[in-house]
Structure formats: C-alpha cells, structure tokens
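Chemist:
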Ligand SMILES: [Zn+2]
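Numbering (this note's numbering), first residue to last: 31 to 725.
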C-alpha cells in the first residue's frame, strides 16, 4: 500500500513545552539532509504550526490567483507547485506520526484537522479566479509548447479543480465543499474505530493446552506480545496480521481458532461506538452524490477517470476473467482440505477458521515444507540486506545505516542512499508491530524528489507490523512477511529513484492501477536463488537454506493460490460494486456484502480479505481501486518474465530500461506508454494466470 494514508506517531513528546518561539516545525531544519528534527518536536507544536502554515498557504494561493499578469504555465502551475511547502512539511511529520505511534492527544488533533484540511483544499480548488487561470491554460494547452511532464502536471491541476466542483454553479459548489468536509471526518473516524477494535482484542493463551500446534517462532512472538499487552509470562495473539495469521495456520485448537478468527473478521462491526457500518454507508452515499454533481454516472466512473483501466466495465472484465479459474481452483483445494479433516478423524465440515490450518497440513504432506521451516533462515536484518542488495545490483544504489540521525521512535532505523558516491535520499525502516501503530504495511515519506525548487532529495519510510523476536533472539520472518518487506521496499525505490522536475508527478504519484507495479515486481527477486540463496542463513548455524528446501518451496509456490486469489478478488469485486451503486441511502452493508458474494458464487469457507467494515483501502485512495493490485500484477508478471527470458534476473540492459521508464519516471509519462517503453508492448492476462498457476 502506498500514498496519502494519513498516519500517526513520535518520540520525545513532552506534553508541556513552550510553543510559538522556537517551534521546530516552523523553523528552518538545519538537521543533516534537512530531515525533520524529530528529537525536538513535541505534540504541542503541531496545532500552532498548522495554524500558521494554513495562513501562509492561503496568502500564497491568493497571490497566484490575483496575479495581474496573463496566466502562464510558470506564473500559475509552477507557482502552485511551489506553494504550500510549509504545510506539506508539517503534515508529513504529523500524519506519519499519527500512523505509527499514536495516542489520544494525537487522535484528537487528527479529528480536528480533517475538516480543516477539507475546507482549506476546497478554498483552493473552488477558487473561481484561480480556476479561470488554470482553465485558460488548459484550453490552450496544445499551443503552450509544454514538455510531456508539464502537460501532465497541468492536466492534474485542471482535473483537481474540476473534481472539486470549481466549474459548477454556486449551490453545487457549496454542496461539494460540505461533502468533502464530511468525508474527511468520516474517514478519520473509520480509521480510529478500526484501531480501537484492534487494540481492544487480545487472546491470552494459558498453558501448554492453549499453545497446541504452535511452533517455536510463533510462541516466541506470542510471548513478546503478551508482555507488551500486560500479560508477562503468558502468550497472546492480537488482530495484527503477523500475529493472527500464523496462529490460524498452526493452532491445533479449533475452538481458539474460531474465537480469534471471528474477532478478526468482525473488526469495525461490533456495534457500539466503534462500529464502522453506518460510516461506510454514509461515505458511499456522499461519494455517489458527489459523482452525480460532477456529471459522472457513479463514484467508480469518477474515480477511474485517471487510471489505466478507465472504466468500471474494463475493471470488471479483468476481475471476472480471473475469478472463474480462481474459484474453480479454490473448489479443488476445498475438497482436498476436507479430506484432510476426515483423515484426521474430524467429523465436521471445513469452516473459514480451518482453512489456513488444514492448508498448512496438506502443504506439509504434499511438498514436505511448512512455513515454520523457512523462518529460521529469514532473519529480518538479512531480508533487509537482501532488499538493499537487489537494488544495488539492478540500479547501482547503496544503503548505509546512519545512527546519528534523529528518528521518531527508538525502533526506527535510518539509511542513507547513494549512487556513485552522490546522495540520493534517506530511507527509514519502522518494522515492528506496536499497539500505537495502525495495522498493515505501507510506504510513506516526508519529502518528495523534485527539481523545481532546486535538487530536492526524497525521504521515505517503510512501515511494517512484524512480530518482534523474543529478547536476545533475532526477529524471524515468514515468507509472506519477507514478501511484504520486498513489496513495500519496491514502493520505497519508486520514491527514492524518482527523477522528475515537478513534485506533483514525483515518485509514486502515478495512475492508481500502475502504482503497485514497482512494488509487486520487486517481490519477484526475493525467491530467486541468487537472492534467497545468499541472504537466507540459519540464525543459529549460519548455514544457507538447503537447496532441497528451496526446491520444495518453489514447488509449493502456487499451493493454495485458489484461496488467495479468491479472498483478494472477492474484496476487489465488492469494492467495485459498492462504488457503482446508484442508490445508497440507508445501505445495509452486511446485506450488500452477502448479496454480492452470493452473486459471484463465493465459496462458503472463504472470507473476504477485507470485509467492508474494516476495508481501510476503500476509505482512502484505493476506493474503487482495490483491483489495482491485480491490474498491476498483469504487468509485473509480464515484466519479470522479460528478465527470465534474458536468462539473467539482473540483466543490465533491462534494469536500465526498468529504471528509466518505470522506477525513476514517476507520473511524468502516461502509464501505458511507460510500460510499452520498458517492455516493447502491453501485457496480456496470460502471464498473470501462469504466475498464479491458474491455467
Ligand atoms: Zn503496495
């Protein structure tokens, strides 16, 4: 996941402290690389800093709008690109903190900020004088002698104004502003409710009977979690994916699996103050209304305007093309798991909380490999080193840890990125789960690469939720965890290697269904013998992964792919169908979910990867865009096959093209053109079906 997810966190946050004079958020940052002076920032600094930054930005915008000169690209679009620097800097510090290390004080500021941001943005993007300038430029864009990058920047601004209602009559404009304000409040509430539900649940395991089936590494992580959650000496499971998934995979206690699984899939739907269902219904109604005001048929049509897919019909076509084979495969898998239940003497029908457990057993029996077996070889530090190494071999960049830089939490690590001895940017890694952190994994940052205001180097972060190893033990990752690390690191590289002029097309600011290409493509290198063979070393013996285990892992790669594809695809279909609804007033999201799933023949034993009440993606930038992962996967499967066909996964020529057209190009070119420039043609779905073993 990437992009504008607002997130929380910080260090040295004394509650009192003199603000105003010496507010580090408002001062010039004289830290190395002008990174945020995390060690001096206190929570009390945020509100006064935001007050000032909003005011400065309002003045900047007014000056651009009232410029007496004829509008030009430089005095309007470039001026807009330069404006809001202060506001952007402070927002980045605040929202990264809010995502990674929040508390009640930060949450309260976050709730108050949401409508302020919405109002501010509307004031800018509904400003009639300013829109007149942008619109005039847009109307004669063909005659302005713009570069492709400049033309795309202009298009983006024009679209942002139009989508905010700048071209509408006054009453509709007012309604658009009200909708934006309300949506911002609802999105914040949704996310905070979800965190509250996750913090509220902990499954404490008492004694050996409760631990039945759990391998050593899962026990170690659970012991650590228990200590953190105030149950020292015991074991505990939380609703963080890295805690609950291994539990569901290995726990022999069917009753406890059911209990944990039920809590997991009920996040956001538990009634009471933290229930998200009414929030979702209201959000959908507002989005549908906003789309109609703008002349779009539905919210999905509006959202897909700037994408490769372009229309809901094109998205549906791809999803359904894969759905059939995926569902058929899941059916075969189900039969096999049911047999495993019977073989064990179980006299019950496979349920959703049994799937992962029996899949693990069948996998072990069939391929002689289990997830726990690879874990001792996947030390976090080595997987990080592997991700760095691949970047070095493909793109010539190096990473060196800097312990002298201020970070926002003691667990955060900072690395300087260089190429040919020159500074490229900073990469921060925040790897461990903690209860003050939102769940999931994402890439974000504090500063984007750009050249408009002089060569500006990026500062990006990867945030993960790995279960930390027990005291004195290294943190060991599952294969999925390692894949997630590579995925988010692919996004990080997209930000770090960016080489564009304008901030609004920098790094990951690309079409939404293109943004997962650099991340998903990067995952392919993890499992290569050239990578895993070198970096996966047993944490006790230092021995490399036995080649036989590698071969067995490779053979098992597509195992359970029916399940994985179905749980993802169903969520993508639900997201799309939610956003093509015409009438959404009083929508019963549970009934809608059930009806949609019945309509596509969802297997009873599989639950959506994200059920609607905790589907964080659809609250933010991935609304009607969850399909993007699959859309990008069509490309990543096809793109990696280019390296395989070259017979060298580090082929220098291909790596160069990949760098120039994809990783460094940001949104400066049309996504389809960028792909063709790299690959020579557009991909088809075939490579994806092969990759997932569905044909
Ligand atoms: Zn991603």
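Heads up, the beta-carbon is just placed ideally off N, CA and C, and yes, glycines get one too.
(1) With burial defined as no fewer than 16 other Cβ atoms inside 10 Å of the residue's Cβ, what is the status of residue 646: buried or exposed?
(2) According to the Cβ coordinates, are residue 515 and residue 447 closer than 8 Å?
(3) Just the Cα atoms here: how many angstroms apart are residue 161 and residue 151?
(4) Assuming residue 307 and residue 620 are in contact, meaning their beta carbons sit under 8 Å apart, how far apart are those beta carbons, in whole angstroms?
(5) Report the option in 119, 64, 63 whose CA atom is closest to the CA atom of residue 82.
(6) Touching or not, the segment 676-686 and the segment 361-378, by the rule of three or more beta carbon pairs under 8 Å?
(7) With DSSP collapsed to three states, give me the class of residue 476.
(8) Quick one: Cα of residue 532 to Cα of residue 111, how far?
(9) The alpha helix (DSSP H) spanning residue 254 covers which residue range?
(10) For residue 642, which option in 145, 130, 297, 219 has the closest C-alpha, if you only look at C-alpha atoms?
(11) Can you confirm whether the segment 529-549 touches the segment 375-387 when touching is taken to mean that 3 or more C-beta pairs between the two stretches lie within less than 8 Å?
(12) How many Å lie between residue 684 and residue 510 at the Cα?
(13) In angstroms, rounded to a whole number, what distance separates the CA positions of residue 239 and residue 214?
(14) Which of helix, strand or coil does DSSP assign to residue 587?
(15) Put residue 300 into one of helix, strand or coil per three-state DSSP.
(16) Under the assumption that residue 492 contacts residue 473 (Cβ atoms under 8 Å), give the Cβ distance between them as a whole number of angstroms.
(17) Classify residue 574 as helix, strand or coil using the three-state DSSP reduction.
(18) At the level of alpha carbons, what is the spacing between residue 217 and residue 141?
(19) Suppose the cutoff is 7 Å on Cβ atoms and the five residues either side in sequence are ignored; what does the same chain contact list for residue 77 look like?
(20) Would the beta-carbon of residue 549 be found less than 7 Å away from any heavy atom of ligand 1?
(21) For residue 430, write down the residues that DSSP places opposite it in a beta bridge.
(22) Answer yes or no: the CB of residue 524 versus the heavy atoms of ligand 1, is any distance below 7 Å?
(23) Where residue 394 and residue 718 are concerned, what is the direct C-alpha to C-alpha distance, given to the nearest angstrom?
(24) Bridge partners for residue 456 per DSSP, in chain order?
(25) Less than 8 Å between the beta carbons of residue 417 and residue 463, yes or no?
(26) Are the segment 302-316 and the segment 222-230 touching, with three or more C-beta to C-beta distances below 8 Å?
(27) To which residues does DSSP link residue 409 through a beta bridge?
(28) Is residue 44 helix, strand or coil when you go by DSSP?
Modeler: Well, looking at it:
(1) Result: buried.
(2) No, they are not a contact pair.
(3) Cα to Cα, the separation comes out at about 13 Å.
(4) That belief holds up - the Cβ atoms of residue 307 and residue 620 are roughly 7 Å apart, short of 8 Å.
(5) Taking the Cα of residue 82 as reference, the smallest distance to any Cα among 119, 64, 63 is reached at 119.
(6) Judged by Cβ distances under 8 Å, the segment 676-686 makes no contact with the segment 361-378, as fewer than three pairs qualify.
(7) Three-state result, residue 476: strand.
(8) Going from the Cα of residue 532 to the Cα of residue 111 covers about 7 Å.
(9) For residue 254, the enclosing alpha helix (DSSP H) begins and ends at 246-258.
(10) Closest option to residue 642, Cα to Cα, is 297.
(11) With the cut-off at 8 Å, the segment 375-387 and the segment 529-549 do not touch.
(12) Rounded to the nearest whole angstrom, the C-alpha separation of residue 684 and residue 510 is 27 Å.
(13) Each residue's Cα considered, the two are about 46 Å apart.
(14) For residue 587, the three-state secondary structure derived from DSSP is coil.
(15) When DSSP states are grouped into helix, strand and coil, residue 300 belongs to the coil group.
(16) Under the criterion of beta carbons closer than 8 Å, residue 492 and residue 473 qualify as touching, at roughly 5 Å.
(17) Three-state DSSP puts residue 574 in a strand.
(18) When rounded, the distance between both Cα atoms is 10 Å.
(19) If the five residues before and after residue 77 are omitted, its C-beta is found closer than 7 Å to the C-beta atoms of 139, all from its own chain and listed in chain order.
(20) For ligand 1, a non-hydrogen atom lies closer than 7 Å to the CB of residue 549.
(21) Checking the DSSP bridge columns, you'll see residue 430 partnered with 446.
(22) No, the beta carbon of residue 524 sits no closer than 7 Å to any heavy atom of ligand 1.
(23) If you draw a straight line from the Cα of residue 394 to the Cα of residue 718, it is about 26 Å long.
(24) Beta-bridge analysis with DSSP links residue 456 to 446, 489.
(25) Residue 417 is not a Cβ neighbour of residue 463, given a cutoff of 8 Å.
(26) Contact holds: three or more Cβ-Cβ distances are below 8 Å.
(27) 506.
(28) Low confidence applies here, because residue 44 scores a pLDDT of 37, under 50, leaving its location unreliable and the question unanswered by this model.
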